[in-house]
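Only one structure is covered here, and it is reproduced in the block below.
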Amino acid sequence: MNRRLMRSATTTFLVAFILSSCASMPGGDQSAADDSSSACNPLVGAGIGAVVGAIANKGKGAVVGAAVGALGCMAINAMSKQTKPASQVESDFRKNNKGTLPAEPVVSAYQVVVQPGPTIAAGQPVTITSTSEVVSGTVTPVTEIREEFALLDPSGKEQAKKSKVLTEKGAGSGGYENQFNFKLPQGVPQGAYTIRTTLYVNGAAASTNDSKVQLVFNARESATGRMVAAR
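The following block contains the structure:
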């Protein structure tokens with residue numbers, strides 16, 4: 000068996016072993032309503048990335064691999080609140096639709112803002128704030144509104160996900176504000192990351208927004224990266 004084949008087989012075995020260990024470990028705190036995110040242990044995630052990076056790149060990729068592995072286990076916090084009552088949202092909709100309400104649920108407004116802006120650094124707090132207005136249908140009422148956040152790396156691969164239910168029981172029309180907060184781990188690769196938010200109404204995707212953010216290194220991180228690459 001040549002070295003490349005052995006390296007591939009070893010990688011597959013170790014990743015499978017660590018993943019099985021990860022499945023048996025408890026995840027972080029989650030709210031009762033959840034607001035789901037897959038249970039994951041950051042140390043195990045980093046370990047998987049380090050093993051794969053080290054084997055695939057003969058040891059040189061361990062640091063970056065660990066960072067990418069930890070990316071999938073980064074903490075994502077979410078909180079939401081209702082900003083407009085059903086009466087106001089429905090009144091606004093009627094004004095623009097000849098005094099009528101829709102038969103099926105309609106997302107009448109959905110905006111997303113990413114702070115601090117289009118350029119971020121690892122370890123820097125990132126806040127995604129969305130505002131939405133949903134009008135309940137006269138035939139099909141709104142029973143649940145949920146927002147999902149997904150982080151895609153520069154290659155387009157999904158690395159992290161979090162979901163938050165915005166409505167209480169017996170939903171209906173309403174305006175909502177939701178926030179997702181996270182920090183990218185130190186050492187993750189530079190590049191353009193995609194922040195994707197999707198609004199689900201009654202379990203079906205109703206509106207999606209993609210925001211691009213450019214991850215840059217600060218001076219200290221750049222120097223560290225050059226030292227690792229030179230080894």
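Be aware that the sequence shown starts at 0, since it is given in numbering that gives the first Met the number 0, and climbs by one per residue. Note that CB positions come from ideal geometry on N, CA and C, so glycine has one too.
Just the C-alpha distance for L151 and K161, rounded to the nearest angstrom, thanks.
The alpha-carbon atoms of L151 and K161 are separated by roughly 12 Å.
Is T196 closer than 8 Å to S129 when the C-beta atoms are compared?
Contact: yes.
Which residue from E176, R145, A191 and S131 puts its Cα closest to that of V106?
Nearest of E176, R145, A191 and S131 to V106, Cα basis: S131.
Should E157 go down as buried or exposed, given a rule of 16 or more other Cβ atoms within 10 Å for buried?
With fewer than 16 Cβ atoms within 10 Å of its Cβ, E157 is classed as exposed.
How should S172 be labelled, buried or exposed, when 16 other C-beta atoms within 10 angstroms of its C-beta is the threshold for buried?
Buried.
Apart from the five residues on each side of it in sequence, which residues of its chain come closer than 6 Å, Cβ to Cβ, to N76?
Correct list, in chain order: N180.
Determine whether the beta carbon atoms of M78 and Q178 lie at a separation below 8 Å.
Yes, they are a contact pair.
Kindly indicate which residue of S86, L183, I127 and L165 has the alpha-carbon position closest to the one of G71.
Minimum Cα distance to G71 is reached at L183.
Since I believe P117 is in contact with K211 (beta carbons under 8 Å), could you give me their beta-carbon distance rounded to a whole number of angstroms?
With a Cβ gap of about 7 Å, K211 and P117 count as contacting.
Nearest to G169 by alpha carbon, out of Q123, E146 and S135?
Here the closest residue by C-alpha is S135.
What residue from I127, T207 and E89 has the CA that sits closest to T137's CA?
Nearest of I127, T207 and E89 to T137, Cα basis: E89.
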